[in-house]
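Sequential numbering of the sequence shown, starting at 25, is according to our numbering.
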Amino acid sequence: MILRRLTQHVNDQNWFAVVLDFFIVVVGVFIGIQVANWNTERLERTQERDYLIRLHGDFVESINGQRRDVNFLDRQLSDQAIMIKSLDSCTVTPEDETPFQRGINTLGYINPPRIVRRTVDEMIAAGRTDIIRNKALKVQLSSIIALVEWRGNSFSDSVSRMTEHYRFIIEEDVRYDLTRTYADPFIEEFIGVDFDIQTLCQSPKIARAISAISYTTQERKRAYEPILQRYIDFLPVVEEELQSRWGPVLSKSKAATQ
């Protein structure tokens, strides 16, 4: 329609109408491009919001998981202290029987740093790490991922090998009874252990092995507590970004950790 009118105006040498038609075409194209750009931008920001909401959920889960692991390390340290005390006195009191057995079961049980990476990995795989506008938020997120990977990849294997070596020393003088199990809030259940405290306390290498594992457990706890704190500090940053740009988009269950 526009092209036919433009051709007619050129044939009629109606230059004002030609200029007007050309202006209408240019304005129409410009508006079309702007609308397309606006729609693209709107979709980008919607996707960014969805990524941030899911990222927030991942960190709520990461906080709960890492907090649970730190509490488990605390419990291990308590059990290991009871084991060393019992070995020093060559006596296991009735109230220390369960912690002693549980301590043997969980010697060297140390998880790598716990982080839920579903959203981060999806963004990386899709090449969308640039979709988050807030540079400070992205820097903080990258710093957390780098810290977790360093603590996990650099130390987990060496810690596992060392604690496994010391665990073998203790297991030479104990026997697991697969018919006995005990409920446990951290590992669901542990298997009963038969041991002779008199035999165990006569071997200095057993106490040294438990002491070495306890040292590693304490070191892991000290390493993981700052990671947990970084998760906790990051959560309100995401919440503030969502609140300031999109309003209250988080449910109460997602906005708080246990």
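Positions of the beta carbon are idealized from the N, C-alpha and C atoms, including for glycine.
All figures in this text were calculated on a predicted structure; none of them were measured in a lab.
DSSP, reduced to helix, strand and coil, places THR241 within a helical segment of the structure shown. Residue burial annotation: PRO260 is exposed, with fewer than 16 other C-beta atoms found within 10 angstroms of its C-beta. As a beta-bridge residue in DSSP terms, THR205 pairs with ILE215. For CYS225, the uninterrupted alpha helix (DSSP H) segment begins and ends at 221–225.
The Cβ atoms of TYR248 and VAL84 lie no closer than 7 Å to each other. When rounded, the separation of the alpha-carbon atoms in SER113 and MET147 is 56 Å. Between GLN125 and THR241, the gap from beta carbon to beta carbon reaches 7 Å or more. ARG185 and PHE96 have their C-alpha atoms some 20 Å from each other. Per DSSP, TYR248 has no beta-bridge partner at all.
If you look at PHE124, you'll find it in the alpha helix (DSSP H) that goes 121–130. In this chain, THR115 is not harboured by any alpha helix (DSSP H), its DSSP state being neither H nor E.
Rounded to the nearest angstrom, the Cβ distance from ILE139 to VAL172 is 5 Å, consistent with a contact under 8 Å.
Spanning the alpha carbons of ILE128 and CYS225 requires a straight line of approximately 14 Å. Excluding the 5 residues flanking it on each side, ASP103 has same chain C-beta neighbours closer than 8 Å at PRO123, PHE124, ARG126, GLY127 and THR130, in chain order. With a cutoff of 7 Å on beta-carbon distance, ARG246 and ILE168 are scored as not near each other. Straight-line spacing of the CA atoms in LEU252 and PRO137 works out to 9 Å. Rounded to whole angstroms, the Cβ separation of ILE234 and ILE194 is 7 Å, and the two are in contact under 8 Å. Taking the C-beta atoms as reference points, ARG142 is found nearer than 7 Å to ASP82. Rounded to whole angstroms, the gap between the alpha carbons of GLU213 and SER227 is 29 Å. Around the Cβ of PHE258, a 10 Å sphere holds 16 or more other Cβ atoms; the residue is buried. By alpha-carbon distance to ILE108, the top candidate from THR187, GLY271, ARG232 and ARG204 is ARG232. Here GLY132 is near THR187, since their CB atoms are less than 7 Å apart. For GLU146, the enclosing alpha helix (DSSP H) covers residues 142–149.
Spatial neighbours of LYS162 in its own chain (CB-CB distance under 6 Å, excluding positions within 5 residues in sequence) are listed in chain order as ILE156. Taking C-beta atoms as the reference points, ILE77 and ILE256 fail to come closer than 7 Å. Counting only the Cα atoms, ALA236 lies some 20 Å from PHE219. The beta carbon of PHE210 sits closer than 6 Å to those of PHE96, all from its chain and outside the five residues before and after it, given in chain order.
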